[in-house]
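To start, the structure under review is shown below, and the notes come after it.
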Amino acid sequence: MKQRILKVHPKDNVLVALTDLVKGEEVIYEGQSYLLTDNVPAKHKFTTTDMAVGDQLIMYGVLVGKAQIDIPVGSIITTGNIKHAATEFNTMDAHINWEKPDITEWKDRTFNGFHRTDGQVGTANYWLVIPMVFCENRNLEVIQEALMNNLGYGRNENYQVQAKELMSLYEKGASVNDILNAELTYSENVAKQNRMFPNVDGIKFLTHTGGCGGTRQDSETLCGLLAGYITHPNVAGATVLSLGCQNAQVSILKEEIEKRSRNFDKPLYILDQQTIGKESELLGQAIKQTFAGLIQANANERKPAALSNLCIGLECGGSDGFSGISANPAIGYASDLLVALGGSVILAEFPELCGVEQNLSDRCVDKEDAERFEHLMKTYSKRATEAGSGFDMNPSPGNIKDGLITDAIKSAGAAKKGGTSPVVAVLDYPEKVSKPGLNLLCTPGNDVESTTAEVGSGANVVLFTTGLGTPTGNPIAPVIKISSNTKLFNKMSDIIDLDTGSIIDGDETIKEAGSRILDYVIGVASGTTTVSAVRHIQDDFIPWKRGVSL
């Protein structure tokens with residue numbers, strides 16, 4: 001019989017409903033019976049004790065809220081009876097007692113990647129076209145129109161076909177109702193266009209709204225992020241368009257490239273519009289140089305590489321009440337496997353680590369990193385409060401509707417993505433990962449800003465969990481979407497790649513799901529498995545301005 005309720009941690013004073021529960025129903029967990037005073041939808045929680053005003057709500061073994069009113073046992077927790085609360089933390093000596101997972105079946109595995117001269121290995125092979133400032137975005141669009149379809153990198157024509165069908169119906173006299181009720185052609189299996197450069201996965205255009213205006217710090221940080229993409233193992237080279245007078249100067253970009261790759265030798269073409277003059281000359285040179293770069297990029301072919309060359313970004317978006325007990329701990333186990341194999345993982349989204357800071361701080365190998373983590377977290381929190389917000393305002397309406405009532409509940413579940421391994425480094429945006437193991441990267445909780453940052457710091461694959469569904473992708477790193485529940489996977493299977501609802505149903509353990517995820521990662525890293533975000537060309541790219549973003 002399928003389990004209907006779950007206690008996540010022995011210290012918890014709430015139980016999670018794994019299926020819809022009805023008011024007046026008596027449920028039993030480990031010999032203890034509870035009479036429900038409310039309907040408790042799946043993903044939500046109910047109290048296992050009577051709570052008075054100010055009493056602590058414990059979940060995942062940590063403080064996640066306090067009672068705002070008296071709450072009888074068996075009551076659903078809501079924003080009306082619980083408010084966010086989290087335990088304070090301080091830098092202490094490390095408490096590392098990590099039990100490495102068994103990696104016997106993985107130690108001799110490899111993936112087929114693109115080897116770079118600096119020793120990095122990419123899971124893909126892209127050419128970048130980058131503007132130093134938003135003024136050049138339109139020129140990027142012209143280059144994109146000129147190259148993408150002609151070289152075989154355009155989107156499939158399903159929707160163009162549908163538009164033509166509607167045009168034909170209209171020309172034949174169809175009414176508005178006829179148009180609205182028309183059944184249009186759609187093919188799930190669209191043949192790939194023939195690519196002129198078969199070893200190049202695509203040309204990516206990183207348009208953005210920065211580079212000038214704002215603060216000089218924003219422009220300098222943008223240069224660091226763009227340098228992270230140019231030096232990324234999934235990138236073969238880049239064409240850079242500069243207006244010339246912007247804050248984000250090419251000289252700053254070159255300095256940031258030097259920081260990340262002292263012997264940088266990828267093809268890099270930089271064009272300055274104010275120096276060149278005519279737009280037609282600028283675009284002609286950019287198209288010619290990009291084409292030449294593609295010829296060079298195409299000379300690289302996939303070859304076997306150790307799994308230690310993988311750097312996985314850990315991300316979540318559209319989380320629900322199951323995320324922290326299925327998808328997140330599953331990728332946490334996959335993370336532990338990769339760390340044990342000598343690879344790297346990145347845990348980010350600092351507003352979603354609220355309440356579990358002490359655990360992460362205690363896991364820092366070096367005290368300096370623990371101190372840096374404390375500084376970054378407390379500074380970020382202070383700035384959010386000064387802006388009239390706060391970490392407690394992080395959960396979205398969708399999060400709350402599906403059981404994530406406080407930021408601490410959301411955070412305690414989100415942190416499960418990082419597994420249990422030691423923290424080897426604490427990085428500030430947009431610094432690069434330089435140590436194998438678990439890295440903490442300061443980013444906002446916004447999933448696209450954070451994913452953009454993780455890839456800029458070196459992630460060559462991203463594991464992205466979701467309970468509500470999201471189409472998120474990245475221009476240069478495959479983003480593997482993982483659902484926390486099977487209902488969502490079945491509903492949105494065209495944009496989600498893997499399902500961990502099997503954990504909720506009791507058909508699979510967290511370790512089994514984590515092993516399955518790592519196996520899938522190897523296929524994606526080798527180019528033999530194409531994820532939905534890549535298939536749909538979902539190229540989300542949002543640089544973070546260092547103002548408050550939750």
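Numbering of the sequence shown is given in the UniProt record's numbering, commencing with residue 1 and proceeding in unit increments.
We put the beta carbon where it would ideally sit given N, CA and C, even for glycine.
Note that the structure is predicted; figures quoted are calculated from it, not measured.
Span of the beta strand (DSSP E), counted from its first residue to its last, around T465: Counted from its first residue, the sequence shown places residue 465 at position 465. Start and end: 461-466.
Sheet register partners of K432 (DSSP bridge): Locating residue 432 in the sequence shown gives position 432, where the first residue counts as 1. According to DSSP, K432 bridges with nothing at all.
8 Å contact criterion, which G237 and W127 should meet: CB distance rounded: Numbered from its first residue, the sequence shown carries residue 237 at position 237. Numbered from its first residue, the sequence shown carries residue 127 at position 127. Yes, they are in contact, since the Cβ atoms of G237 and W127 sit about 6 Å apart, within 8 Å.
Per-residue DSSP class, three states only, for K367: As a working mapping, residue 367 is identified with position 367 in the sequence shown. It is helical.
Between the CA atoms of T47 and D70 - distance to the nearest angstrom: Counting from one through the sequence shown, the residue named residue 70 turns up at place 70. Counting from one through the sequence shown, the residue named residue 47 turns up at place 47. C-alpha separation (whole angstroms): 11 Å.
Cβ pair count under 8 Å reaching 3, the segment 298-315 against the segment 456-467: Taking 8 Å as the limit for Cβ pairs, the verdict is that the segment 456-467 does touch the segment 298-315.
Cβ distance (whole Å) where N328 is taken to contact T209 below 8 Å: Looking up residue 328 in the sequence shown gives position 328. Looking up residue 209 in the sequence shown gives position 209. Not confirmed; about 31 Å, so no contact.
Status (buried if at least 16 other CB within 10 Å, exposed otherwise) for P444: Position 444 of the sequence shown holds residue 444. By the neighbour-count rule (16 or more Cβ atoms within 10 Å), P444 is buried.
Burial state of K266, where buried means 16 or more other Cβ atoms lie within 10 Å: Here the question's residue 266 lines up with position 266 in the sequence shown. Buried.
Integer-rounded CB distance, given that C364 should sit under 8 Å from A408: Residue mapping note: residue 408 aligns to position 408 of the sequence shown, counting from 1. Residue mapping note: residue 364 aligns to position 364 of the sequence shown, counting from 1. That pair is no contact at about 21 Å.
Opening and closing residue of the beta strand (DSSP E) in which N439 lies: For the purposes of this step, residue 439 is identified with residue 439 of the sequence shown, where counting begins at 1. Start and end: 437-442.
Stretch-stretch touch, CB-based, cutoff 8 Å, three pairs: the segment 431-440 with the segment 290-303: no
The segment 268-282 in contact with the segment 204-222 per 3-pair CB rule at 8 Å: no
Residues bridged to S242 (per DSSP): Locating residue 242 in the sequence shown gives position 242, counting from the first residue. Paired residue(s): D272.
N137 beta carbon near the ligand COA (any heavy atom closer than 8 Å): Among the components modelled here there is no ligand, and therefore nothing to report on the ligand COA.
DSSP bridge partner residues for S33 (one or two, in chain order): Taking the sequence shown and counting its residues from 1, one reaches residue 33 at position 33. Answer is I28.
Straight-line gap, I230 to Q120 (C-alpha atoms, nearest Å): Working through the sequence shown from its first residue, we reach residue 230 at position 230. Working through the sequence shown from its first residue, we reach residue 120 at position 120. Going by C-alpha positions, I230 is about 13 Å away from Q120.
Beta-carbon proximity check, G514 vs D201, cutoff 9 Å: Looking up residue 514 in the sequence shown gives position 514. Looking up residue 201 in the sequence shown gives position 201. In this structure, G514 sits away from D201, with a CB-CB distance that is not shorter than 9 Å.
Cβ-based neighbour list, H95, same chain, cut-off 6 Å, excluding 5 preceding and 5 following: Along the sequence shown, one-based indexing puts residue 95 at 95. Contacts found: D362.
Member of K204, L463, R155 whose CA lies at the smallest distance from the CA of M522: Along the sequence shown, read from residue 1 onward, the residue named residue 522 stands at position 522. First, the amino acid is wrong: residue 522 is Ile here, not Met. The option with the nearest alpha carbon to I522 is L463.
C-alpha gap between F291 and I203, whole angstroms: Locating residue 291 in the sequence shown gives position 291, where the first residue counts as 1. Locating residue 203 in the sequence shown gives position 203, where the first residue counts as 1. If I take the Cα positions, the gap works out to 10 Å.
Contact under 9 Å by Cβ, N125 with A297: Counting from 1 along the sequence shown, the entry for residue 125 is found at position 125. Counting from 1 along the sequence shown, the entry for residue 297 is found at position 297. Contact flag set, yes.
Three or more C-beta pairs below 8 Å linking the segment 404-421 and the segment 333-352: Judged by Cβ distances under 8 Å, the segment 404-421 makes contact with the segment 333-352, as three or more pairs qualify.
Secondary structure of H115, DSSP reduced to three states: Sequence index remark: in the sequence shown, residue 115 carries index 115 (1-based). It is a strand residue.
Distance, Q3 Cα to D20 Cα: Position 20 of the sequence shown, counted from the start, is the residue given in the question as residue 20. Position 3 of the sequence shown, counted from the start, is the residue given in the question as residue 3. Computed Cα separation, rounded: 12 Å.
Cβ separation of S533 and T472, assumed to be a contact under 8 Å, to the nearest whole Å: Locating residue 533 in the sequence shown gives position 533, where the first residue counts as 1. Locating residue 472 in the sequence shown gives position 472, where the first residue counts as 1. Checking the sequence, you will find Ala at residue 533 rather than Ser. The Cβ separation is near 7 Å, so the contact holds.
Contacting residues, own chain, Cβ-Cβ under 8 Å from E374 (five flanking each side not counted): Counted from its first residue, the sequence shown places residue 374 at position 374. Result list for E374: F89, N90, T91, E357, S361, in chain order.
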